[in-house]
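Contents: one structure, followed by commentary.
Protein chains: 2
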Amino acid sequence: MSTRSTTTRAPKVEPVACCATVGSTEFDVADATELAKGYAALADPVRLHLLSMITAAGAGGACVCDLIEPSGRSQPTVSHHLKVLREAGLVTSEKRGTWAWYHLVPTRLAQLRAALDD
Amino acid sequence: MSTRSTTTRAPKVEPVACCATVGSTEFDVADATELAKGYAALADPVRLHLLSMITAAGAGGACVCDLIEPSGRSQPTVSHHLKVLREAGLVTSEKRGTWAWYHLVPTRLAQLRAALDD
DNA sequence: GTGCTACATTGACAACCGTCGATGTTCACA
DNA sequence: TGTGAACATCGACGGTTGTCAATGTAGCAC
Numbered sequence: 001m002s003t004r005s006t007t008t009r010a011p012k013v014e015p016v017a018c019c020a021t022v023g024s025t026e027f028d029v030a031d032a033t034e035l036a037k038g039y040a041a042l043a044d045p046v047r048l049h050l051l052s053m054i055t056a057a058g059a060g061g062a063c064v065c066d067l068i069e070p071s072g073r074s075q076p077t078v079s080h081h082l083k084v085l086r087e088a089g090l091v092t093s094e095k096r097g098t099w100a101w102y103h104l105v106p107t108r109l110a111q112l113r114a115a116l117d118d
Numbered sequence: 119m120s121t122r123s124t125t126t127r128a129p130k131v132e133p134v135a136c137c138a139t140v141g142s143t144e145f146d147v148a149d150a151t152e153l154a155k156g157y158a159a160l161a162d163p164v165r166l167h168l169l170s171m172i173t174a175a176g177a178g179g180a181c182v183c184d185l186i187e188p189s190g191r192s193q194p195t196v197s198h199h200l201k202v203l204r205e206a207g208l209v210t211s212e213k214r215g216t217w218a219w220y221h222l223v224p225t226r227l228a229q230l231r232a233a234l235d236d
């Protein structure tokens, strides 16, 4: 309900107009929601730690059994966090025998990084 | 409880050892928590929209009255989201008369971007 | 088969988050 | 002084999240 742009109520102490054409460009809500999901997956120190370890593991990937103890969380909790990262598209999982390897998805990470360039 | 690294239980289908020295490097929890707070502030499409508009406003900053209607949320909700962005260090606010201008903090954004380089 | 290991899923709980209406506060102007 | 506008804060509500114990599932070894 801002009628400021059509009136002359700019304060005398500040001659510049209140509104430039700020919100004039279109904004893709679906795209923002997809980005937000990615950032939400990063919004937890435990998940940042897991991601850091998976990144450090390189192309071979990281075994879940090596992630549990350093994370300081229970096995179900780690499994939950890995699922969050997986559903956010930040990592992929691969089963080898009884073990599960997790790999980074660098393109997804790059996408989130690029969105911060604005 | 992974004793795999001290035993010889590697599956025969996969000769590579399960564990490289993955979690061996130190991990700064306080630093990760600080980063996580930044990403949490980005983990909402409404806040991404607000941030986008504030960015588009440039050096002059964006007036709150111009952010409410494009966001599609009520004035208290927008005020709440701006508070979240402020407390995450992503924006700063400045009062001019009855109006409030919000400015971007590019260094904080750069910090979050750099953390994704791993 | 039995038993063990690695990992995922379920269920429960407290804490947190997004949203809005109502109210408070500060400023400008008459 | 009074009125209105811009923005913040409060209170409440439903939904989501992080956590763990318990349980389920699948593979390996004997």
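Going down the list, the protein sequences come from chains B and H.
Heads up: the first sequence begins at 1 in the numbering used here, then just goes up one per residue.
Heads up: the second sequence begins at 119 in the numbering used here, then just goes up one per residue.
Glycine included, each C-beta is placed from N, C-alpha and C at the ideal position.
Contact of H:LEU234 with chain B is assigned, a C-beta pair being separated by under 9 Å. Membership of B:ARG113 in the alpha helix (DSSP H) is indicated by the continuous run 106-114. DSSP places B:GLU34 in the uninterrupted alpha helix (DSSP H) bounded by 29-42. In this chain, the beta strand (DSSP E) harbouring H:VAL209 covers 209-214. Along the segment 28-51 of chain B, the positions whose C-beta sits under 7 Å from a C-beta of chain H are VAL29, ALA32, THR33, LEU35, ALA36, TYR39, ALA40, LEU42, ALA43, ASP44, PRO45, LEU48, HIS49, read in chain order. In this model, H:TRP219 and H:HIS199 are separated by some 14 Å (Cα to Cα). At the C-beta level, H:VAL223 and H:GLY190 stay beyond 9 Å of one another. As the crow flies, the alpha-carbon of H:ASP184 is around 10 Å from that of H:LEU168. When only Cα atoms are considered, B:ASP44 and H:ALA148 end up about 12 Å apart.
B:ALA115 is not a Cβ neighbour of B:ALA40, given a cutoff of 9 Å.
For B:LEU82, not one C-beta of chain H is nearer than 9 Å to its own C-beta.
For B:VAL46, the uninterrupted alpha helix (DSSP H) segment begins and ends at 45-57. Residues of chain B whose Cβ lies closer than 8 Å to the Cβ of H:LEU230 are, in chain order, LEU116. Note: H:ALA206 is not bridge-paired with any residue in the DSSP secondary-structure output. Note on geometry: alpha-carbon atoms of B:ALA110 and H:GLN193 lie some 34 Å from one another.
Taking all protein chains in view, the Cβ of B:GLY38 is crowded by 16 or more other Cβ atoms within 10 Å, so the residue is classified as buried. With its beta carbon at least 9 Å from every one in chain H, B:LEU85 lies outside the interface.
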